[in-house]
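Student:
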Amino acid sequence: MQDFLQQLPKVELHLHIEGTLEPELMFKLASRNGITLPYATVDEVRDAYRFDDLPGFLALYFQGMDVLRTSQDFHDLAMTYFMRAHEEGVVHLDMHFDPQAHLQRGVTLEAVMQGLLSARQEAEQSLDLTVGVIMAFLRDRPADEALAVLEQASPFWSQLDAVGLDSAENGNPPGEFASVFSRAAELGLARVAHAGEEGPADYIIEALDMLGVERVDHGVRCLEDETLVKRLSDEQTVLTVCPLSNVSLGVVKELGDHPLPAMLDAGLNVTISSDDPAYFGGGMLANHQACFEAFGWDEATFYQLTRNAIEAGFMSRDRRADLLDRLERLANE
Ligand code: HPA
Ligand SMILES: [Zn+2]
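Here UniProt numbering is used: the first residue of the sequence shown is 1, the next is one more, and so on.
Here is the structure:
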């Protein structure tokens, strides 16, 4: 199964590029930028990566990204993950990034964008990997600020595929960002949002009705609302489920308790992603392998999940046709 999962042309729809920052690169960037870290060794960092819920994780996530200062740092961050993803057999990924978390620290939007976009170009030229870009807004910050950042990003609009919504979910309902998302729609950007991870099923409904999202990030708590499950299944709304993330953040106790099998039984359009691979115990391969071990899925199930992701990724029509073709040829071998 390991060889099969490696070969599968995987597509990752839910990835925070800042969540790919491994301790080794954190040290390298800290030293390059003259920053003293509160840790002496890589092992100490890994040891400190202890959290059991979303707020606990977010504190470390925002602290870790402080080493990212220059466009070269963003380029190196993204390129390091792109190479790893490529080695794991990922052929396309859609990356979220959090501009507000960098602007707040005095890093310019230009530095962030130039670094990420040049890495995307390099990946598309030198690796068999295409990359979609999702500008995410922090839901625990004011909607006005998000709108201002979206406007500030005007030189880069043509390079963005979508807007997203992330950070602390509870108490920060999606509806507050309706004006930001309607502006994004006006600009021709696709829309996605985290909903139903630690927050209730109602937040998924709000994201659909008030933000007009075409994909829901996580969405696992939809099962608490039968009517919603029927709607998601009828409309085949894509859910970007992150199994190891859900275990790390205590959304489920262990993978064996995860609602993924029930979601598939309910006919939902499920896909598999890693979310923040540096923090949650692995990338795409580890997530697929863990699902195989927990649920015993056969090859047909993994083909279907991959087909779902290829259909939904932010990529050109030609690229989609090529990846679907590749998948079908593999399935018929
Ligand atoms: O898993 C997540 N949930 C919400 N916000 C995030 N920002 C990075 N990762 C996450
Ligand atoms: Zn996420």
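Even for Gly, the Cβ is constructed at its ideal location relative to N, Cα and C. These numbers were taken from a predicted model, which means no experiment stands behind them.
1) Restricting to runs no shorter than 4 residues, where is the alpha helix (DSSP H) found entirely within the stretch 91–135?
2) Determine the burial state of R215: buried for a count of at least 16 other Cβ atoms within 10 Å of its Cβ, exposed for fewer.
3) Measuring alpha carbon to alpha carbon, tell me which residue in A48, E22, A286 is nearest E68.
4) So which of F280, A278, I205, E299 has the shortest CA-CA distance to Q2?
5) Reducing DSSP to helix, strand and coil, say where I272 ends up.
6) Which first and last residues belong to the beta strand (DSSP E) in which L13 is found?
7) Beta carbon of H258: closer than 8 Å to some heavy atom of ligand 2?
8) Go through the residues and name those whose CB comes closer than 6 Å to any heavy atom of ligand 2, in chain order.
9) When DSSP labels each residue in this structure, what does R326 get in the three-state scheme?
10) Taking just the CA atoms, how far does I310 sit from D43?
11) Let's see if you can read the secondary structure: which residues bound the alpha helix (DSSP H) around H75?
12) Report the rounded CA-to-CA distance for N25 versus G256, giving the unit in angstroms.
13) Using alpha carbons as the reference points, say which of E293, T301, A146 lies closest to D265.
14) How would you write the range of the beta strand (DSSP E) that V45 sits in, first residue to last?
Tutor: On the basis of the data shown:
1) 99–103, 109–126
2) buried
3) Per the sequence presented here, residue 68 reads as Leu, with Glu not at that position. Selected option, being the one with the closest Cα: E22.
4) E299
5) strand
6) 10–16
7) no
8) H14, H16, D166, H194, D217, D275
9) helix
10) 37 Å
11) 71–87
12) Looking at the sequence provided, one finds Leu at residue 25 rather than Asn. One C-alpha to the other measures close to 33 Å.
13) T301
14) That residue, V45, is in no beta strand (DSSP E); its alpha helix (DSSP H) goes 42–48.
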